[in-house]
Amino acid sequence: MIKHALFVRLEAKPGKEKDVVRLAQKESTTPVWFALQLGPSSFGIFDAFADDAAREAHLNGPSARALGASAPKLLAQVPSIERIDVFGAKLPAEPRTKRL
Numbered sequence: 004m005i006k007h008a009l010f011v012r013l014e015a016k017p018g019k020e021k022d023v024v025r026l027a028q029k030e031s032t033t034p035v036w037f038a039l040q041l042g043p044s045s046f047g048i049f050d051a052f053a054d055d056a057a058r059e060a061h062l063n064g065p066s067a068r069a070l071g072a073s074a075p076k077l078l079a080q081v082p083s084i085e086r087i088d089v090f091g092a093k094l095p096a097e098p099r100t101k102r103l
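Quick note on the working numbering: the sequence shown kicks off at 4 and runs consecutively.
Given below as structure tokens:
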């Protein structure tokens, strides 16, 4: 069950919007993940996790390090990172596979 999340707000430097999108799309380790465009140069990433330990591990993992390393050349300001508690979620069911 999803109980914890992160919402990260990113503001791209002029001309760096596509680079921010490419960086966000490299995310591959979270069970629930959305990359959002909030405005012409404003972006958001919503990650959700089963527990706080997974959320903290993500904040210290390769995606966070890649964002930190790229931030000075891609972002107009320091990313805003909000820790969020999830009290409800509606997600599609995972496809069932036939067993032989």
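Glycine included, C-beta positions come from ideal geometry on N, C-alpha and C.
8 Å Cβ cutoff, residue i in contact with chain C
i     : result
Leu70 : In summary, chain C is missing from the structure at hand, where a single protein chain is found.
Option nearest residue i by Cα separation, candidates the options
i     : options                    : result
Ile48 : Ala56, Glu85, Gly18        : Glu85
Lys76 : Ile87, Leu26, Ala56, Pro43 : Leu26
Gln40 : Glu14, Val89, Ala74, Ser83 : Glu14
Ser44 : Val89, Leu78, Asp55        : Leu78
Proximal residues to residue i (C-beta, below 8 Å), its chain only, five neighbours per side dropped
i     : result
Lys29 : Ser66, Ala69
Straight-line Cα distance separating residue j from residue i
i     : j     : result
Lys16 : Phe37 : 21 Å
Lys19 : Gly71 : 15 Å
Gly91 : Ser73 : 33 Å
Val23 : Ala96 : 30 Å
Arg58 : Lys93 : 19 Å
Ala60 : Phe46 : 22 Å
His7  : Val35 : 11 Å
Ala56 : Gly42 : 32 Å
Neighbour-count burial assignment, residue i, 16 or more Cβ in a 10 Å radius
i     : result
Val81 : exposed
Thr33 : buried
Asp50 : buried
Worksheet item: At what residue ranges does the region 24 to 82 contain a whole run of the alpha helix (DSSP H), taking only runs of 4 or more?
Response: 55 to 62, 65 to 77
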